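If you read the sequences in order, they're chains A and B. So the first sequence is residues 828 to 974, counted in this note's numbering. So the second sequence is residues 828 to 974, counted in this note's numbering. Note that beta-carbon positions come from the ideal geometry of N, C-alpha and C, so glycine has one too. Fair warning: this is a prediction, and the values are worked out from it, not measured in the lab.
2 protein chains.
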Amino acid sequence: MEAMGEPKSQERYEDELRSAGMRITRPRKTILKILAEGEGHPDAMTIFHRASEIDASVSLSTVYRTMKVLEDRGAIQRHVFEGGPSRFEPAGGRHHDHLIDTETGEVIEFRSDKIEALQEEIARSRGYEIVSHRLELYVRKIRGRKR
Amino acid sequence: MEAMGEPKSQERYEDELRSAGMRITRPRKTILKILAEGEGHPDAMTIFHRASEIDASVSLSTVYRTMKVLEDRGAIQRHVFEGGPSRFEPAGGRHHDHLIDTETGEVIEFRSDKIEALQEEIARSRGYEIVSHRLELYVRKIRGRKR
DNA sequence: TTTCTTATTGCAAATGATTTGCACTTGCAT
DNA sequence: ATGCAAGTGCAAATCATTTGCAATAAGAAA
Ligand SMILES: [Mn+2]
Ligand SMILES: [Mn+2]
Ligand SMILES: [Zn+2]
Ligand SMILES: [Zn+2]
Numbered sequence: 828m829e830a831m832g833e834p835k836s837q838e839r840y841e842d843e844l845r846s847a848g849m850r851i852t853r854p855r856k857t858i859l860k861i862l863a864e865g866e867g868h869p870d871a872m873t874i875f876h877r878a879s880e881i882d883a884s885v886s887l888s889t890v891y892r893t894m895k896v897l898e899d900r901g902a903i904q905r906h907v908f909e910g911g912p913s914r915f916e917p918a919g920g921r922h923h924d925h926l927i928d929t930e931t932g933e934v935i936e937f938r939s940d941k942i943e944a945l946q947e948e949i950a951r952s953r954g955y956e957i958v959s960h961r962l963e964l965y966v967r968k969i970r971g972r973k974r
Numbered sequence: 828m829e830a831m832g833e834p835k836s837q838e839r840y841e842d843e844l845r846s847a848g849m850r851i852t853r854p855r856k857t858i859l860k861i862l863a864e865g866e867g868h869p870d871a872m873t874i875f876h877r878a879s880e881i882d883a884s885v886s887l888s889t890v891y892r893t894m895k896v897l898e899d900r901g902a903i904q905r906h907v908f909e910g911g912p913s914r915f916e917p918a919g920g921r922h923h924d925h926l927i928d929t930e931t932g933e934v935i936e937f938r939s940d941k942i943e944a945l946q947e948e949i950a951r952s953r954g955y956e957i958v959s960h961r962l963e964l965y966v967r968k969i970r971g972r973k974r
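The following block contains the structure:
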């Protein structure tokens, strides 16, 4: 019960950067370690804070620059949920969409092949092909009633 | 073949503001006229430019403030598509989602009761109820082949 | 109409997230 | 070890949008 946001090892990230001809620097190592350990969908500031604990010299700029590089290399995915800042998660796992708890900010992943298929159908029927899509459900926990 | 983004008359907008105890000022009249006439999903800058042609004294601040007021009153809806600035459209019509042509920026509306139902089902099964949602298909026109 | 109160406006400055210029490091291939 | 381009920290710049403030104008009351 936990496989969509499949995390990547720090080594895996380093290889992705190295194979792209990028240097594995100290700040990058720190940031990658955090992405590898951390769960969820952290934003830049969160990553920055965690990185600071390991190496106080890492700058927020570098966090942003590194996230951008990883995103461009397809190593991570960026999500911009309503209101908030960009949040990231390792890329490469199965595609999925999100449920965002509007009260706690918690992000729950899900996937619906039916919906995915319907989306394709809709685009096709209009003469288009999907390049990418975004499906976000902003929800509130239902009080009472078990399940 | 044209009913989702059902436009509203300028009078309709004015009444919505008046009934909320707000004043109908000259700049607001100008902006509302544009919303009433204009098609599509314009952004603040576009509205500002069009308004400037009618009354060069209207400021961008007022455009933003007016859009916010209209949004808070539920008269219009705001959409923040990937990358770009907020875009607006009259509220009150049937709910629908969007297809965004990644090459032209054109916005096409659609609705799928099946998808809407599946979303509900997904949220419910996780113990949540949907507060709002966002479904956007970023597409590219399919060359050749008719339909 | 004139008056009066206060919402609204234009303008400039502030925000907040993210990016960028620059001079100074530092990976890492040779 | 060396050399140099890639990478970094920091401050300043962006971009879209918001906000403080003094001046202005709705529109209810007189
Ligand atoms: Mn995810
Ligand atoms: Mn629409
Ligand atoms: Zn999906
Ligand atoms: Zn929908």
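- Taking a cut-off of 6 Å from the heavy atoms of ligand 3, the residues with a C-beta inside it are H922(A), D924(A), E943(A), H960(A) and L962(A).
- A straight line joining the alpha-carbon of E833(B) with that of A902(B) spans about 12 Å.
- Membership of R845(A) in the alpha helix (DSSP H) is indicated by the continuous run Q837 to R845.
- If you look at R967(B), you'll find it in the beta strand (DSSP E) that goes Y955 to K968.
- Taking C-beta atoms as the reference points, R961(B) and E963(A) count as a pair closer than 7 Å.
- Every alpha helix (DSSP H) stretch that sits fully inside the segment 900-955 of chain A and reaches 4 residues is listed by chain position as 940-952.
- Non-local C-beta neighbours of E843(B) in its own chain, meaning closer than 7 Å and more than five positions away in sequence, comprise R900 and A902, ordered along the chain.
- Within the model, the alpha-carbon separation for S939(B) versus R877(B) is close to 33 Å.
- Here the segment 848-863 of chain A does not lie against the segment 924-937 of chain A, with fewer than 3 beta-carbon pairs under 8 Å apart.
- Contact with chain A is found for F937(B), since one of that chain's Cβ atoms lies less than 7 Å from the residue's Cβ.
- For P912(B), the number of other beta carbons within 10 angstroms of its own is below 16, and it is reported as exposed.
- With distances taken between CA atoms, T931(B) lies nearest to Y965(B) out of R850(B), R853(B) and Y965(B).
- Taking a Cβ-Cβ threshold of 8 Å, none of the residues of chain A is close to E916(B); the smallest such distance is about 16 Å.
- Rounded to the nearest angstrom, the gap between the Cα atoms of A950(B) and I942(A) is 13 Å.
- If you check the CB distance, F875(B) and V890(B) come in under 7 Å.
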